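Some notes on the structure that comes next.
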Amino acid sequence: MFKKFAVAGVTSLIAVSAFAMNPADLKETVALKDGSTVYVFLDGKMGMENPYGRAVPMPEGQAMVTADGKTVRMVGNEVARVSSLIQIES
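The sequence shown begins at 944 in the working numbering and counts up by one.
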C-alpha cells in the first residue's frame, strides 16, 4: 500500500514540475546575429538559447548584437527558465 502512495506521489511531482514554467511569463524573443535567441521575461530578466536549441549561460552585462544590428546587454541568466520553455515547445 505504501509503495502505491509513493509511486503516486512521485508521478504527481513530475506532472507538477512540467507546468512550473508558464509561457505567459515570456515578454518577447530577440533573434541574435549568430543565430541564437534571447528570451526576455516579464520581470526583465533574460535567458539565451544557442543556435542548436539548447539553453546556455551568458554572463550578465554581456553585449549581444541582434539580427537587425542593435546591441542588447544581458540582464540575469535564466538558463532554467529557458530550458523549461524549450521543453514545453518540443
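Glycine included, each C-beta is placed from N, C-alpha and C at the ideal position.
Because the structure is a prediction, the values reported are computed rather than measured.
Self-check item: Residue ranges of each beta strand (DSSP E) within the region 978 to 1007, 3 or longer
Solution: 980 to 984 and 989 to 992
Quiz item: What does Leu1028 pair with, by DSSP beta-bridge criteria?
Solution: Note: Leu1028 sits in no beta bridge, so no partner.
Exercise. Count the CB pairs spanning the region 980 to 991 and the region 1014 to 1021 that are closer than 8 Å, and state whether there are at least three.
Key: yes
Quiz item: Can you tell me whether Ala998 is buried or exposed, with buried defined as 16 or more other CB within 10 angstroms of its CB?
Solution: buried
Quiz item: Comparing alpha-carbon positions, which option in Val1008, Asn993, Gln1005 and Thr1009 lies nearest Ser1026?
Solution: Asn993
Exercise. Let me know the secondary structure DSSP gives Val1018 once reduced to three states.
Key: If DSSP states are grouped into helix, strand and coil, Val1018 belongs with coil.
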